[in-house]
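Below: one structure, written as structure tokens.
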Amino acid sequence: MATNPDVQEVLKTLKNSLGENLAETITSAIAQHNAATAATSAALASEAASTEQENASDHEKLQRIAEQHQQEIQQEQVHQLQRSEPGETAVHTTVSQDDHEEVLKHIATAAAAAEASSTLATVPITEGSSPVPPPAKPVPGSEEWHKMRRDNHKEVERRRRETINAGINDLAKSIPNSEKNKGSILRQAVKYIRNLQLENERLVSETETMIGIKFDIEKLTLEKSVADATYEALIVDHQKLKLDFDELRKKTDDLDEHTSKKQRTE
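Counting from 1, one number per residue, gives the positions in the sequence shown under UniProt numbering.
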């Protein structure tokens with residue numbers, strides 16, 4: 001299957017800009033889609049061959065039933081000839097032949113109905129419209145059979161193109177200021193995805209930086225809490241030392257005063 005030059009150029013751009021893995025993934029997806037298209041065509045051909053085989057098998061079964069019934073009638077006629085008188089032989093033979101013809105007609109009608117049942121099941125019936133006879137299936141290998149296969153392949157290809165066009169249209173809606181040309185849409189998509197990747201890398205870098213800053217802030221906050229607790233403990237120790245100092249100074253002053261009074265008395 002031929003590839004559009006714009007698609008080849010876009011694939012090369014994808015390979016250079018997005019990396020080998022993503023380009024190989026896209027190429028593999030296209031190959032899988034083409035393989036699925038070929039498998040669908042083969043399945044349609046296989047289904048047609050299977051239907052023809054089933055119809056042939058039903059026809060053979062009905063033919064065997066007719067032959068078996070004919071043999072039974074012939075055996076019955078022989079027994080009747082052996083048992084009946086000569087004057088009655090012609091009458092029984094005529095009646096048996098009429099019954100045999102009636103059975104063969106019934107079997108032929110059933111065979112025709114079985115052969116057309118698969119086609120009639122798919123034909124819609126509307127009120128007031130005359131019944132349309134089912135179209136005969138083409139013989140495998142004939143020109144009509146090849147034409148039917150080509151038509152089926154064209155239908156599969158048309159659906160595949162519709163799917164691709166729908167995907168490109170959805171892609172165009174996601175890209176700002178996109179053009180109508182498919183190749184331009186794909187190139188703009190590559191450029192848009194590349195810009196998104198650069199923006200994502202920038203945001204990831206900024207996020208990592210912010211995470212580092214947050215870690216430093218939490219560390220400084222913890223150190224500040226420890227410093228505040230140490231400061232509060234030092235204030236308590238200072239207050240205690242001040243009280244002890246005031247008490248000791250008071251005792252010293254009292255002792256000095258007592259010593260001074262004693263000296264004056266002497």
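From the three backbone atoms N, C-alpha and C, an ideal C-beta is built for every residue, glycine too. Computed from a predicted model, the values in this text were never measured in an experiment.
Looking at the secondary structure, which residues open and close the alpha helix (DSSP H) in which residue i lies?
i, result
"V139", "V139 -> no alpha helix (DSSP H), and no H or E assigned at all."
Can you say whether residue i is buried or exposed, counting buried as having 16 or more other CB atoms within 10 angstroms of its CB?
i, result
"A189", "buried"
"L186", "buried"
"A90", "With a pLDDT of 41 at A90, under the threshold of 50, the modelled position of that residue is not reliable, and no figure is offered here."
Quick one: grab the DSSP three-state call for residue i.
i, result
"S178", "coil"
"E88", "No answer about E88 holds up, because its pLDDT of 42 lies below 50 and its placement is not dependable."
"S96", "Below a pLDDT of 50, predicted positions are generally treated as unreliable, and S96, at 46, falls in that range; no measurement from the model is reported."
For my contact list, residue i and residue j are in at a C-beta cut-off of 8 Å; report their separation, rounded to the angstrom.
i, j, result
"K182", "I193", "Not confirmed; about 16 Å, so no contact."
"T37", "R160", "6 Å"
"A45", "R149", "6 Å"
"A39", "P140", "Contact flag wrong, Cβ pair sits at about 20 Å."
Hey, is residue i close to the ligand ATP, as in C-beta under 7 Å from one of its heavy atoms?
i, result
"T230", "The ligand ATP is absent from the structure shown, which contains no ligands of any kind."
Subject >> Three-pair Cβ contact test at 8 Å for the stretch 222-239 versus the stretch 206-214 >> reply: Two segments are said to touch when three or more pairs of C-beta atoms, one from each, lie closer than 8 Å; by this definition the stretch 222-239 does not touch the stretch 206-214.
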